[in-house]
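Chains as they are written, first to last, in my numbering: chain P, 106 to 193; chain D, 106 to 193.
Idealized CB from N, CA, C, for every residue including glycine.
Computed from a prediction, not measured in an experiment: that's the story for all the values here.
This is how it looks when you write it as structure tokens:
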């Protein structure tokens, strides 16, 4: 497989794993139910994605910056909702 | 910031966003409740992480391979549980 195809694979992977968080965020905003979402997962993901974002900025890698900026936005919605709509 | 520190940042980001899925998988296995998990999120994440795994293999990038192999394992548990313990 040539270089360009590998790059496209990376873009496809980034787009899919970024947009995956859209239906999850929408579901939570609609139902306001977050019981089955792990708080530790939501916190760790927010921290991890912030680090990925800095990594992208330091490496001047636009796809990594854009993908993680969008993911962070959606994960902040999820974490906020988890803290806001606490059940149990 | 020098090259090595950027690399360490990448490793830290990868470790955190990988291990984040551990408490989520454990929670689902323990409670067998997956109502608030978006099925579309689980499917898209599994597909996206498989693509990241292939990307890592093609680029011969061990941290990407290891991180995504572990994440995929945990996401398969989450997707299986979502399909197995369907509520509603």
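State whether the stretch 178-186 of chain D contacts the stretch 143-151 of chain D, with contact taken as three or more CB pairs (one from each stretch) at a distance under 8 Å. yes
Test: residue 189 (chain D) CB closer than 8 Å to a CB of chain P: no
Does the beta carbon of residue 117 (chain P) sit closer than 8 Å to a beta carbon anywhere in chain D? yes
Would you please verify whether the beta carbon of residue 142 (chain D) is less than 8 Å from any beta carbon of chain P? yes
For residue 170 (chain D) and chain P, any beta-carbon pair shorter than 8 Å? no
From D:179, D:182, D:167, residue whose alpha carbon lies closest to that of residue 115 (chain D): D:167
Return the Cβ separation of residue 172 (chain D) and residue 136 (chain D) in integer angstroms, given the expectation that the two are a contact with Cβ distance under 8 Å. About 26 Å; that fails the 8 Å criterion.
Is the beta carbon of residue 163 (chain P) less than 8 Å from the beta carbon of residue 176 (chain D)? no
Going by other Cβ atoms of all chains shown within 10 Å of its Cβ, with 16 needed for buried, is residue 160 (chain P) buried or exposed? buried
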